[in-house]
Structure formats: C-alpha cells, structure tokens
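>
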Amino acid sequence: MIEGTPVHFHRMKDMPSSHLLGTGTPMCAGCGGLETLHNMYDILGEKTVFVNAAGCMTLLSVYPFTPFRGGWLYTSMASAPAGAQGVRDAMDIMIKKKKLPEDENMEVVVVTGDGSAYGMGMSATSGAMDRNLNFIYLCYDNEGYGNTGQQYSAATPHAAITSTSKGSHGYPGFKKDLFSIWAAHHPAYVATIIGAEPLDLAKKIEKLQGMTGPRMLISLAPCPTGWDYDPQLSVEIGHLAVQTGVWPLKEYINGKVTHTKIPKQRKPVEEYLKLQGRFKHLFYPQRDEQGIAEIQARIDAYWDNVTE
Amino acid sequence: MTRKLLTGNGAAAWGARLALTDYIPAFPITPQTEIIEDLSIWIDKGEMDARMVTLESEHSMITAAGSAASSGVRVFTATSSQGLLHGMEMVYTVAGWRTPFVMINVSRGMSSPITLESDHNDIMAARDSGFLQIHCATCQEITDSVLMAYRLAEHKEIRVPAIVNLDGFYLSFTREPVDLPDAEKAAAFVGEFDPENLQFKGSAPLSQAMAVLGGGPYSYFRYEAHLAVQHALSVYDEIADEFADTFGRRYDIIDNYQMDDAEYVFVMLGSFATKAHNAVDSLRKAGWKVGLARLRIFRPFPKEKIRQLLKGRRAVAVIDQNISMGMGGVLHSEFATALYGMKDAPAVLASFIGGLGGRDISQQEFFEMINEIKQASDKGESLEPRLLYTENELTEIRKLQAIAHAEHEEIHQQRDG
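So the sequence lines, in the order shown, correspond to chains A and B. Position one of the first sequence corresponds to residue 90 (the numbering used here), numbered consecutively onward. Position one of the second sequence corresponds to residue 117 (the numbering used here), numbered consecutively onward.
(1) What does Tyr139/B touch in chain A if you count any residue whose Cβ is under 8 Å from its own?
(2) Given 8 Å as the limit, is there contact between the stretch 207-216 of chain B and the stretch 268-287 of chain B, that is, 3 or more CB pairs closer than that?
(3) Expressed to the nearest angstrom, what Euclidean distance is found between the alpha-carbon atoms of Arg100/A and Gln354/A?
(4) Is it right to say Asp203/A is buried, meaning 16 or more other beta carbons lie within 10 angstroms of its own, or is it exposed?
(5) By the DSSP assignment, the alpha helix (DSSP H) with His347/B in it spans what residues?
(6) With 9 Å as the threshold, decide whether the Cβ of Leu123/A is near any Cβ in chain B.
(7) Is there a Cβ of chain B sitting closer than 9 Å to that of Tyr163/A, yes or no?
(8) Please check the pair Gln129/A and Ile351/A, which I expect to be a contact at CB under 8 Å, by giving their CB distance rounded to whole angstroms.
(9) Taking the C-alpha atoms as reference points, what is the distance between Leu126/A and Leu110/A?
(10) Going along chain B in order, which residues have a C-beta closer than 7 Å to the C-beta of Asp192/A?
(11) My assumption, with CB atoms under 8 Å, is that Thr245/A sits in contact with Gly256/A. Please give the rounded CB distance.
(12) Taking Ser72/B as the query, report the chain A residues whose CB atoms sit under 8 Å from its CB, ordered along the chain.
(13) Which residues does DSSP pair with Asn372/B in a beta bridge?
(14) Keeping to the same chain, check which residues put their C-beta closer than 7 Å to that of Lys490/B; ignore five residues upstream and five downstream.
(15) Report back the beta-carbon spacing between Val200/A and Asn141/A to the nearest angstrom; my notes put them in contact at under 8 Å.
(16) Does chain A have any CB closer than 9 Å to the CB of Gly188/B?
(17) Can you check the stretch 219-243 of chain A for any beta strand (DSSP E) of at least 3 residues that lies completely inside it and give the ranges in chain order?
(18) Report all residues from its chain with a CB closer than 6 Å to the CB of Arg415/B; omit the five preceding and five following residues, and keep chain order.
(19) Of the residues that make up the stretch 156-169 of chain B, which ones have a beta carbon closer than 9 Å to any beta carbon in chain A?
(20) Enumerate in chain order the residues of its own chain whose CB-to-CB distance from Ala171/A is below 6 Å, with the five nearest sequence positions on each side excluded.
(21) So Glu174/B packs on Gly131/B, CB below 8 Å; how close in whole Å?
(22) Going by C-alpha distance, which of Phe388/B, Phe483/B, Ser335/B and Leu171/B is nearest Leu472/B?
(23) Ala194/B by DSSP, collapsed to three states: which one?
(24) By DSSP, does Lys356/A sit in helix, in strand, or in coil?
(25) State yes or no: is the beta carbon of Leu200/B nearer than 9 Å to at least one beta carbon in chain A?
(26) What are the boundary residues of the alpha helix (DSSP H) that includes Phe268/A?
(27) Would you list the residues sitting across from Glu526/B in a DSSP beta bridge?
(28) Are Met219/B and Ala194/B closer than 9 Å when you measure CB to CB?
(29) Does any residue of chain A have a CB that is nearer than 9 Å to the CB of Met206/B?
(30) According to DSSP, is Gly93/A helix, strand or coil?
(31) Note down, in chain order, all residues in the stretch 303-330 of chain B with a beta-carbon under 7 Å from any beta-carbon belonging to chain A.
(32) Please state the DSSP three-state secondary structure of Ser323/B.
(33) Assuming contact is defined by CB atoms lying nearer than 9 Å, are Gly175/A and Val207/B in contact in what I supplied?
(34) Please tell me whether Ile91/A has its Cβ less than 9 Å away from any Cβ of chain B.
(35) In whole angstroms, what separates the C-alpha of Gln298/A from that of Pro320/A?
(36) Would you say Val401/A and Phe316/B are within 9 Å of each other, going by their C-beta atoms?
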C-alpha cells in the first residue's frame, strides 16, 4: 500500500495491486499461512516489525535472505509477544526521548503458528493482553505442529489424522477455542480470518489499523503437507472451510462478537473433509456415517447460537 | 559523592539508576525483589526517567530485555535462581543476539529441594551462555560493577549482555556503607548508549536473530561471540583503570589478598571471600603463609592471569559453592584446566564444596582446609574432593529424618487402624 492512500475495501478491485512480501521463500507450495501473510503485509506496509516464534514462518528469514522490507526479529517458541513488548516499549521510549523521529515509528506484529499460540506461547500472549500492549498478533493456524511434520496440537480438529494420531479414528480431542480465550481478555480487537477470503481479511486489517492496544488475529491456514491434499486445492479448501461453517469469520470489539460472513446455506461439512487426506478414514474403506454426523452436528450446534 | 547505608539489592538498584537505564523489564523473585521495588518507587516519584514493565515470567522478561536492547535503549533487569533457569532459553538466545544490557543475578540455590538461600549453582548454569559474569563480594562493589558492566557490555568490540552476581541474603539483605558515585560523573563514565546497528526504524530495513542453515554459518557466529567475550578481558583492564581514575576505587579481574608471598591459597567467588579474608588474617597471625584469590570476572575466564598468579605456590584450595552432580565443583575443574601442563603449577589443587543453600563456612573449616592442603603438599600426595559437613549438621538432619519417619508411621497407622 502506498502511504497516505485512502483505502476502503469494498470490492476485490480495491485491494492493493502491488505486493510487498518477497518471493522465493522456503514455505511449501499452497501454504495457507503465507497467503494470509501476503494479504496482510500489503495493507500493513513496510513500516512493520515482525516478531516471530518458532514455527514454519521462522524459515522466511534465513541468513542472509529475507522477504521483508521492514523489520524482523526471531525470538523463541514461547515468548514472541514478550519480544514485541520490548520492541514496542523501546520505540516508544526513543520517540519520547527524541532519539527516534516519530515518522520512523513502526507497527509491531507478532507472527506465530498454532503450536505457539494455542500452547507454549499462551502465557506470554495473555500477559501482553493484560498489559494492553499496542501490537498486532497473527496466528497462522494449520492445526498441528506443522514444522516438525504435523503432530497434533491443541488446535487440531477432532478426528484428524496427524503423525501422532494415526489410529483409525484420528485425533480424539477437540480444537481449542482460542478466539474465546483471547476475547475473554477484552483486548481491543480479535478476529478470525482466512487467506482465501482476502476482502474480509482486508476489511479487518483496515479496521484494526485504526485501533490501539492488542489486536489479535487467527487465520485458518490450509496446509497441503500437514492436511494431505494437492497444493492447488488450498484456496478451494479455504472457501469450503467458510462455506461449510467449519471456520466462522467473526470479530470481537467492545465485548461483542459479530460474524462478518454468515453462510446463507451451509454446505455439508463432508465437502470440506473429503478433500483432505487427514480425514480419509471417514470415507474409506467405508463411510463412517456416525463420525461425519457428529462433526456436522457440532458445526450445526455452533451456528444455531449465532444470530449476528 | 554520597555515603549511604545500602543493602546489596539497594546498591544494585542504585547502579541501574546511576547508569541512566531507559527500560526495566521485571519479575519478582526472592531474594531479588527489593531491586525492582526500589526502581519502581524512583520511577513513580519522577526521580528516574525510565519505564518498568512487569512481565508474566522471567522467560518473557529476558526476551523483552533483549528485544528492547536490540531496538536501541539501555536496559536493566534482575532475577535469581529458579527465575534465571526459567529464562535460560532466552539467556542463551539474547546473548547470541549480541545485544548489550545488564542483568543482576542474586544467587540462590536451585531446586530441588527448593530453598531461598544462597549458592552458585544458578549462576553456573549461565556459564556457557555468552553473558559476561562479574561476581561481587561487597555492596560497594555491586553499584560500581553495574556501571562497569554497562561499559563492558556496550563496548563496540564486545556487544554481549552482562550478569552482575551477588549472593542472596549474605549480600542482598545485608546493609553496608556505600559511597554512591556522583550522578554526573557516573553518567559521564557510562556514556550514552550507542545502539549502532541495533535499532528498528521505519526507513531502514533490518532483520535480527535470523535462522542459519548449516554448521558453517552457525559455527562462525558462535565463534565470533566467544572471541568477543574473551576480548572483554583486555577491555576490562582499560575500563577498570578509568574507573579507578574517576572514582578512586580499583577493581581487578582477580581480587588478591595477601598473595605476594602466599604458599597456600584459597580460591573462590563472591561474598564468602570476606569470611576467607578473616581466616587469612588469623592464619597469618599464626605464621602461615596464606593468601586469597577471589575471581571477580568469571566469564571471560582469566586463564593467563590465573597461571601467572598461582605459579610456584605450594597448594591451592578451590572452594565451590556449587555442585556439578557426578563431577564436583565447577570452579575447581576450571582451575585444573587453566593450570594443566604448566611448569611450576601447584602440586596440590584441592576441591572443597561448601556453602550450599546458605550453609555457612566456618572459620574452623577454613583453617582445616589449609591444614589439609599443607599436609598433602608436605607428603607429596593429592587430595580427594571434600564435601564440607560437620558432625553437628549430621546429627541435626538425623533428628529431622527421625521426625519425618515417625510422622509417616503415624499416618500409616491411622489409615490402617
């Protein structure tokens, strides 16, 4: 985005036409997390420091290459929000003490996977929200410890086969509701996004740019290697996640949760499930009617309570 | 210059204040907490132009310390024991960022068993991290060492963080008179922090703390850090000279007492050296040629200075207030490494472990240590490592064990009966 250009994202043609993030990164083909980051970065602009926790995206900046035009700081798996605290505080102090001109200020953005956000990094994230840290947090959620070969994490959905849940019924647990956990801290903003819905994503980024305080984003990140599907299906799977109601697009502001895209007629969840090898056991060698019905019922129960 | 009666913690806080620290990420832990309380009061009163933020853990605290220093401000922080080890991943990490700041460690024994009292196992765990380590024996030395630590850490040929270590309780809560350096002189001595390339700004793209692929680049950056830490030895001498010229107090890398003609030598770290100091006085009065060498700078390890100092001595007692399970005293191993193969090295280099978890080392024990190394030296024998413990202490623990056993029996009988 060019500085100073008024942006109102109503249609796809309003989206930035130039792209900031460099190409040739080591991310997998069809990476849903990278798709989200691309879209976000174009709107956030160059004056952005990304503070990273251990995960796939750590490999974006490998000495001496980086796809970023601003700042980057890798911290550890558990403490990226604390790293953001130090950078934000230092920049504020330097501006106050006139050691840094105000126009050199940067937005501090934490980038972590679900392994960090849903588990090891949760204490540091909670602390950053307690302190009302002025930062943006992007969790790219590919529903497992993807960088180590997709072991299940607290973000893994029920029944998914992962490399540590290879049994005939897949992962027995249920995906943790991180959105609600974050919202319970009453930060300035919480939203779910997905790279396959760039207009919804852009509107949310634009909205949070006008706010201060913790601005929290969880992006579902379709993952060809972890979810076992052809990379060319990433966008389609992203669309289906929204259309089947698996991934509700919503935001939290001032104590209120609003859905930003309510599917008029939800597609059956199996349309989403059957494209992914991690759910293959629900369809082959024979259809697991009960298993599919249970997953469908949980999605229906969620949406039964959604009014806005 | 003002003379004040300060605890070790108070002296540490004054060091941070006089160094004009900008930013203090904090987390409370006994026996360190008084440091951050003092600083927060000064900030609230407007006596100190700094920002303090309490993080939710030491892991986060050390991350924020490193990331703030990497963004261009002067940072101070403090921890102890469990806190230092909770943050240990980041101790290594931020040292690798080559980011200069000063952290106080108030030494306290490691769990388990959990204790609040002092020994050096916590600080020894940070030995290989890339932090510089300065060990203090008096409250005066703490304030002064914080100022020197900033100079050393921020030196453009070094650029690594530094730990200033003080012993829990023995120093942290003991009041001693401290000559506080004049604020303007202290500010001039420490100087402005020049972040050089460590600064995020909108107009200058910068990636820090990036991953590397392969052992070649990894080894290169690790070797660079090692050489920088080693270089701190020669830089330290320049800084110590300047400090002595400015404030009239000299702090050498090794603090020697009665070493000129000493045949038998105590070697140790930290505040228990003041006990050894007294023992040396008593032994000298009794006609023994005894000396004391207290290491102030433990990282970098002053190997050459140790070799020069101990050449030709008859016997050395290395006192470790730490224990490396299955090996023994860490300091003893390091001295053995330093002296190995040296012509005229002391024939006896004995290891004594004591002062764990706040346990005292009595004057009698110091006398016996010297007696033992002298006898070994006279007989031309070596000496097995000793774990200091008295008959009386053994009786006391046996009593506690008897009570524990009786309690256990009683509960069993109640449950079964």
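All C-beta atoms in this analysis are idealised placements derived from N, C-alpha and C, irrespective of residue type, glycine included.
In terms of the structure at hand:
(1) Think of a sphere of 8 Å around the beta carbon of Tyr139/B: the chain A residues whose beta carbon falls inside it are Gly175, Asp178, Ala179 and Ile182, in chain order.
(2) Two segments are said to touch when three or more pairs of C-beta atoms, one from each, lie closer than 8 Å; by this definition the stretch 207-216 of chain B touches the stretch 268-287 of chain B.
(3) So the two alpha carbons sit approximately 22 Å from each other.
(4) Burial is judged here by how many other beta carbons sit within 10 angstroms of a residue's own beta carbon; Asp203/A has at least 16 and is buried.
(5) Note, His347/B: alpha helix (DSSP H), Gly331 to Phe363.
(6) No, Leu123/A does not count as interfacial toward chain B.
(7) At least one chain B Cβ lies under 9 Å of Tyr163/A.
(8) Looking at the sequence itself, residue 129/A is Met, so the reference to Gln does not match. The Cβ separation is near 23 Å, so there is no contact.
(9) In a straight line, the C-alpha of Leu126/A is about 8 Å away from that of Leu110/A.
(10) Here the neighbours are Gly318.
(11) Rounded to the nearest angstrom, the Cβ distance from Thr245/A to Gly256/A is 13 Å, too far for a contact under 8 Å.
(12) As displayed, chain B neither begins before 117 nor continues past 533, which places residue 72/B out of reach and without an answer.
(13) As computed with DSSP, Asn372/B is found in a beta bridge with Ala409/B.
(14) Excluding residues within five positions, the ones whose Cβ falls inside 7 Å are Tyr380 and Ala431.
(15) The Cβ separation is near 5 Å, so the contact holds.
(16) Closer than 9 Å: yes.
(17) As summarised for the stretch 219-243 of chain A, the continuous beta strand (DSSP E) elements at least 3 residues long and confined to that stretch are 224-230, given in chain order.
(18) Sequence-distant Cβ neighbours of Arg415/B in its own chain, meaning closer than 6 Å and more than five residues away, are Leu248 and Gln249.
(19) Hits within the stretch, in order: Asp165, Ala166, Arg167 and Val169.
(20) Ala213.
(21) Glu174/B to Gly131/B, Cβ: 20 Å. No contact.
(22) When each option's Cα is compared against that of Leu472/B, the closest is Phe388/B.
(23) Correct three-state label for Ala194/B: strand.
(24) In this structure, Lys356/A counts as coil in the three-state DSSP scheme.
(25) Nearest CB-CB separation between Leu200/B and chain A: not below the 9 Å threshold.
(26) Segment Leu267 to Ala272, the alpha helix (DSSP H) holding Phe268/A.
(27) Beta-bridge pairing links Glu526/B to no other residue.
(28) The answer is yes: Cβ separation under 9 Å.
(29) Taking Cβ atoms only, chain A reaches closer than 9 Å to Met206/B, which makes this a yes.
(30) Residue confidence for Gly93/A is low, a pLDDT of 46 falling below 50, so the modelled location carries little weight; the figure read from the coordinates is stated next. DSSP places Gly93/A in the coil class of the three-state scheme, outside both helix and strand.
(31) Within the stretch 303-330 of chain B, the qualifying residues are Phe316, Lys317, Gly318, Ser319, Pro321, Leu322, Ser323, Gln324, Ala325, Met326, Ala327, Val328 and Leu329.
(32) It is a strand residue.
(33) Taking 9 Å as the Cβ cut-off, Gly175/A and Val207/B do not qualify as a contacting pair.
(34) Bear in mind that a pLDDT of 44 at Ile91/A, under 50, signals an unreliable position, so the number given afterwards is only what the model happens to contain. Ile91/A does not count as touching chain B.
(35) Between the alpha carbons of Gln298/A and Pro320/A lies a distance of about 32 Å.
(36) With chain A running from 90 to 397 in the structure shown, residue 401/A is simply not present.
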